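Here's the structure we're looking at; comments come further down.
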């Protein structure tokens, strides 16, 4: 009796998630995702301290939650290339000896990223994957925080930088029409230099920072 029941369940599963529901070479997939961007932001090196930050000064960047769009092209049934589009905004605040201070205000980041992904096909259509690729962080319109401005910094700059992203996640098809669910986790590895300048253009503070954000996303997809 049990083999008969199992056979019936297997047949039902194949009917709900048919072979045609799987991604194939040449397919394009678009994803609309809600994303949590969880950066680090700690100081790894204090390179210029003309403003006199106290010993033990440390910083951390705040988290942000944004919508993102991902575009993916399947080179083969199991390999794809994916890029994302989003703009995220962060403050960098003091920790330890700098607790309560604001170092950077409203730094916007465009994380240009391209990953190559390997997908594992399953009979149900559930498609877990891993991936990795280069990223280039573009920092836009960053400003001195209230504390660094009070110390005489009127302009602030974060250097655009190359880094590496690794990822893992899964896609789950919903029926035969190309719609699905997607969950994705990326870890970025990237360092940048922060510089503050006074009204005369003289550099008054320079620090090296570990950014290394986790980027966690979930949402819907459409493949065609």
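In the numbering used here, the protein residues as written are 497 to 720. Using N, Cα and C, we set each Cβ at its ideal position, and we do this for glycine too. Just so you know, these numbers come straight off a predicted model, no measurement behind them.
#1: Report, in whole angstroms, the separation of the C-beta atoms of residue 593 and residue 553, which I expect to be a contact under 8 Å.
#2: Across which residues does DSSP place residue 693 in a beta bridge pair?
#3: If you count every other CB in all the chains shown that lies within 10 Å of the CB of residue 654, and 16 or more means buried, which is it?
#4: Within 10 angstroms of the Cβ of residue 700, are there 16 or more other Cβ atoms? Answer buried if so, exposed if not.
#5: Could you check how far apart the C-beta atoms of residue 702 and residue 543 are, in whole angstroms? I think they sit under 8 Å.
#6: Taking the beta strand (DSSP E) that residue 546 belongs to, which residues open and close that run?
#7: Quick check: what's the CA-CA separation for residue 526 versus residue 716?
#8: Would you report the Cα separation of residue 671 and residue 521, rounded to the nearest angstrom?
#9: At a cut-off of 7 Å, is residue 686 close to the ligand SAH when judged by its beta-carbon and the heavy atoms of the ligand?
#10: Which same chain residues, not among the five before or five after residue 538, have their C-beta less than 7 Å away from its C-beta?
#11: Does the Cβ of residue 669 have 16 or more other Cβ atoms within 10 Å, making it buried, or fewer, making it exposed?
Judging by the given coordinates:
#1: Here residue 593 is taken as the residue at index 97 of the chain shown, counted from 1. Here residue 553 is taken as the residue at index 57 of the chain shown, counted from 1. Confirmed, about 5 Å.
#2: Mapped onto the chain shown, residue 693 falls at position 197. Paired residues: 651, 699.
#3: For the purposes of this step, residue 654 is identified with residue 158 of the chain shown, where counting begins at 1. Residue 654 is buried by the Cβ-count criterion.
#4: The count along the chain shown starts at 1 and reaches residue 700 at position 204. Classification for residue 700: buried.
#5: Numbered from 1 along the chain shown, position 206 holds the residue referred to as residue 702. Numbered from 1 along the chain shown, position 47 holds the residue referred to as residue 543. Indeed, because the Cβ distance is near 4 Å, the residues count as touching under 8 Å.
#6: Numbered from 1 along the chain shown, position 50 holds the residue referred to as residue 546. That residue, residue 546, is in no beta strand (DSSP E); it is neither H nor E in DSSP.
#7: Position 30 of the chain shown holds residue 526. Position 220 of the chain shown holds residue 716. Cα to Cα, the separation comes out at about 9 Å.
#8: Taking the chain shown and counting its residues from 1, one reaches residue 671 at position 175. Taking the chain shown and counting its residues from 1, one reaches residue 521 at position 25. Approximately 19 Å, taken between the alpha carbons.
#9: Of ligands this structure carries none, so the ligand SAH is not represented either.
#10: The count along the chain shown starts at 1 and reaches residue 538 at position 42. Excluding sequence neighbours, residue 538 sits near 554, 555, 556, 705, 706.
#11: In the chain shown, the residue the question calls residue 669 occupies position 173. Its Cβ being crowded by 16 or more others within 10 Å, residue 669 is buried.
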